[in-house]
Structures are given as C-alpha cells and as structure tokens.
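Shown next, in structure tokens, is the structure this report addresses.
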Amino acid sequence: MNRKPSKSAIKFLRWFCREDSIEEIEGDLLEIFSKDAIHHPGRAQRHFIYSVIKSFRWRNLKIAHRGVSIISWDLFRHYFKLSLRSIRTNPTFSFLNIMSITIGLTCCLALLTFSRYEDNFDRHYSEFNQIYRIVQHTKYPEKTEFWNTTAYPLAAALRHDFPEAGTVAQTAGPLSYTINIAGNRKTPLRYSEDYVLFADSGYMKLFQPQWLAGIQDDFNSNINCILLTETTARKYFGPDYNPEELLHNEIILIGETPLELVGIVADPPANSTIRYDILIPYSFFRNKNEYWAENWSGNYQGTTFIRLNERTKAEQMNQAINHWKKKYLKPEDDQRIEYFLQPLIEMHTDTRYGSSPGSYVISKKMIRIGRLIAVFILLIAILNFINLVSARSGIRLKEISLRKIVGGSRWKLFQQFFLENTLLVCIAVGLSLLSVQYVLVKINESLSMINLDLKIKQDDIWTIIIVGLSAILLTNIYPASILSSFKPVQLLTKQFGSRIKQSFSRKGFILFQFILIHSFVASAIIIFQQMNFFKNSEIGFSSDQVVITPAPDFSRKDP
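Each residue of the sequence shown is one higher than the last, beginning at 735 in the numbering used here.
Below you can see the structure in the form of structure tokens.
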C-alpha cells in the first residue's frame, strides 16, 4: 500500500496557495497524513486529497494575497496610458487588428440579427402558442401535395360542429384588386393593390390589429366596409392626413360595390406571415363568390385559423377533424385529403407548404446555418487577431525582459497585455455597432422584395454583450498568456522567438483560420456560378417582345 501522499494533490496545493501560508498548510496536512497512514493508508490518501480541495478558499489563494481588487485604479490608469501609447506608436498594426475584429463583429451581428428576426416571425401575437393554421395534405399514388390553403366553408363548419374547441377565423387572399379613390377630385385616383385580405370577425379576435381610427364593431357589422393600413392611407390621402376625418369616405373596388372606410389600422409587423394593405369583411367576399364560398372541392385561396382552448390539444383536434371531414367531403376526396393543425410559429419555417402572398418561407436549417456562419466569421477574425499579436511578440522581447528584471510578475504583465488588447477590441466593438446599422439598412433596401425590417432592437442587447465579451476573452487570453510567460534568460539564448514560431497551437490557429477562409471562398464561388447559370441559361424560347397580361377572374360576379 502506498504510504506517500498524492503528488498531484501537492502540486495543486502549491499552485494555488499563497506563499506566506503554503508552508504551514502543507506541513499540517502532511503531519495528519503520516499519522493516519500508519493504520489506514487508503483512508489517509482520500482524506489528504479532500483536505487539499477543502483548502481551496479565497483567503488561501495567491490572488487574494495581492489585495481585494484584482487590479488597482492607479495601476489600471497606468496600463491604460501604456495601451494608448502602444496604439499611437504602432498605427498600422493597431489599424489591422481593429479592422479585422470590426469586420468580423459586423458580419456576426448582422447574421445573428437576421437569425433573431426570422425566429421571431409571428411571435408578436397574443397567445401565439395556442393559434394554429389548418393545412391540407392531398395524397396521390405517386406523391403527396401540401397546401397552406383549405376549402372556404371549412371555418363555418368547424364553428358549427366544434363550438367548444376554440375561436375559428377565415380569410381569403391576399388578392389583387384595383382601387378607385375619388375624394374631392374630378378624376378619381386609381391604385393597383396586391394585398387585399378578406377577413371575418374571428380573424379580428385572433390577430387583433391595432386600431388608429374607427372601432371594430363597425367592421364586424357592416358588409360593405373597408380598413386601410397606415401606409396605405398615407399613399391615398397624403402624409398629413387626419385619420378621423377620413372615416366614412367612399372607396371603390373596380367592378364592385362602393365600400365605406370605417377604420385605419397599424401596419402588420414586417416579420408577419400574414401580410395585408387592405382589410375587407369576409362576408363581402362570400356574397360576391357564393359558389366558391360553399364549394368543398377545387382550387381556393382560403386560409383557416383556430385558437384552441387550453383544454383542447392539437393532436386530439387533428384526429377529430379527420374523422369528421367525411360529413362534408365527397368519398373520393375524403380518402385523399387530410387536415392538420400547424402551429402559427411554424408557418414561416415549414417549407413544405410554401409561402403566402407577400411573404416567404425559410427552413430552420437555414437559420441554424446562418448562426453557424456568424460564429465562424467571428472565429476567423479572432484567430487573425491572435496570429497578428503572436507574430509581433518578438518585437516586445526587450520590453518584457526589462519589466521582469525590475520585478514585474507574470500576473502584472498578463494584466497589461490583456488591457492593451482589450482596448483594441472595445474600439472594434464600438465601430461594429455603427457599421452594422448601416449594413442592416442596405440589406433591407436590397432585399425589399421579401419585406425585411432588420434593425438592432432591445432584445439584441444581451446578444451584443455576449458576443463582445466572447471576443474580448478569446482574443486576449492566449496572447497575454504567451507574452507574460517569457523569461529574461530566453532573450540571451534566443529561445523565445523560436518557441513562438514552432508553437503547435499557433500553427494550429493559422491552419484552422485558412481552412475556414478557403471554405467560405470556395462556397461563395460555387454559389456565384450557380446563380450566374440560372440567370444566363437558355429557357427554351425567346422572351423578346413577350407580354404578360392578367386574365379576367370569371369566379367573381359583377353587381
């Protein structure tokens, strides 16, 4: 049986214990061990290790011996001045380091903002976790088709047969219409609108548009009425319009009955799957399209939503609907069609059902890839910073040597280099916060077709703090540790510079950095070639002098 104390435990004790206490603590522990080991060596060994771990307390740590504060204010001010002097005397080196971190942080924050924006789609509605869209799966022998629209009479049938399940909403569209605005003009203004949504009272309960003028009861009780969003009202009546004065104006859908303006509502948030510029009661659509409104088969653009009660589970409702549907569907349709409740927050990320008019879908995998790319870009910037600082370490050998000779400890040198690099990173963080605002504005402008509204919000504060602190720690710990570990005698033997050059970790950093960079460059080239192929490949016919004209909608009956 081993009657000697654990060497690892003794090394650990000597590593953390303060110099003026190590002799006393180690002596007491060894004395207790020698007494216990005579009769119970195994128990003595375990008790010795436990006592060493128990001695790992703040008052016994070396860092506690240096004072309560890790660094004094005077010393901090001194290191800060040295850092500013280093930046002034090495402007090129400082500029390269600051710009590399700035670019990396800007790209990282932009991608993380985009990922957060996509993740928050449709989460601004109250009780969004209880709201579902009913989708349709149509099975054929060779394939299954996924539809985000359902038959128009589905909502009314659900209200009638499942009144206890929850609140049901029905919409049609968004559809395209031409709008006439007369006002006080002799010649009416005509606008072509692509996002005219017909919605019933259930929709108003579920999604609760923010009213700027008018009351909801007027919309629910009046069939021939219309609501405008704030942006649409500005387009029709000018930027200085008075919402209350516009109420009860007459707006005409081309070929339809004049509609009374009963309200102005706020624009739906940009990260909403359901987009509209104009709202009209669904009852108006039903009266004008009686055949489609009562037809359970054929093509349709109706969307049914349901907000389940807390007692009703989505799985139970799925089973109930698919057992119940045979009451209304033809036998052959009953065999082919299945209905499912899709959570509202999955409408934007489930690519099987496609996008709604005016919106788009993106898979969860793409959002995760965006976050991963953000991390890798920041990692490239951090590795570049580390490699630049490490490559320049040979220039500072004399400075480090002199500081150690006059009594500077490794911990003090670590503090100096850590603060020096932290100052560079903090400047880069500040510049990246300014540049990311500009980048997000340009992204919104260039991708206006998908209605992006990227901006830094209050929810992003913690993301910025975490990313900034991660950048500070990762860029500083390794370089500061390497520089502070230098010993003056190595300056005479010229071992330090060669040790840095031959360092396996530094070579690994450089190799990993170049692997990431070349992977991104290769991916960008492949994507560019694919997009160029799609743009310039032959489509099988000449598109010159080809005109596309809309066909009349024979399903609508003119009054």
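Every residue gets a Cβ at the ideal spot worked out from N, C-alpha and C, and that includes glycine. These numbers come from a predicted model, not from an experiment.
- For K873, the beta-bridge partners assigned by DSSP are T878.
- Judged by beta-carbon spacing, F1039 lies within the 9 Å limit of Y866, meaning their Cβ atoms are closer than that value.
- Shown here, T1046 sits in coil according to DSSP, grouped into three states, outside any helix or strand.
- Taking a contact as a CB-CB distance under 8 Å, the pair P992 and I998 does not count as one, their CB atoms being some 18 Å apart.
- Distance from the CA of G1092 to the CA of L809, rounded to the nearest whole angstrom, comes to 59 Å.
- For Y851, no pairing in a beta bridge is given by DSSP.
- Classified as buried, Y937 has 16 or more neighbouring CB atoms from the shown chains inside 10 Å of its CB.
- The beta-bridge partner set that DSSP reports for V1170 is empty.
- For W792 and I1161, the gap between their C-alpha atoms comes out near 34 Å.
- Secondary structure at D928: strand, using DSSP grouped into helix, strand and coil.
- Measuring C-alpha to C-alpha distances from V996 to each of P973, A967, A1258, P1003 identifies A967 as the nearest.
- Taking a C-beta distance under 9 Å as the contact criterion, L795 and R752 qualify as a contact pair.
- Cβ-Cβ separation between I1071 and L1063: approximately 6 Å, consistent with a contact (criterion under 8 Å).
- Between A1258 and T840, the alpha-carbon positions lie close to 19 Å from each other.
- For L987, the uninterrupted beta strand (DSSP E) segment begins and ends at 984-987.
- DSSP, reduced to helix, strand and coil, places N954 within a helical segment of the structure shown.
- In this structure, the beta-carbon distance from M1081 to D856 falls below 9 Å.
- Your pair A885 and V902 does not check out as a contact, with CB atoms roughly 13 Å apart and the cut at 8 Å.
- Per DSSP, reduced to three states, the secondary structure at E1133 is helical.
- Sequence-distant partners of I756 (beyond 5 residues in either direction) whose C-beta falls short of 8 Å from its own C-beta, in its chain, are L747, R748.
- Looking at the DSSP output, Y975 sits in no beta bridge, so it has no partner there.
- Distance between F750 and G1202, taken at the CA atoms: about 30 Å.
- Take the alpha-carbon of P887 and the one of A1027: they are about 6 Å apart.
- L1063: not part of any alpha helix (DSSP H); DSSP gives it neither H nor E.
- The beta carbons of Y1010 and P1003 sit no closer together than 9 Å.
- I915 is a Cβ neighbour of P922, given a cutoff of 9 Å.
- Taking 9 Å as the cut-off, the beta carbon of E994 is found no closer than this to the beta carbon of I949.
- Measuring C-alpha to C-alpha distances from K738 to each of I766, I759, E758 identifies I766 as the nearest.
- In the structure shown, G1088 adopts coil according to DSSP, grouped into three states.
- If you draw a 10 Å sphere on the C-beta of G838, you find 16 or more other C-beta atoms in it, and that means buried.
- Its Cα nearest to that of K741, the residue R780 stands out among N831, D770, D754, R780.
- N1029 and E852 have their C-alpha atoms some 36 Å from each other.
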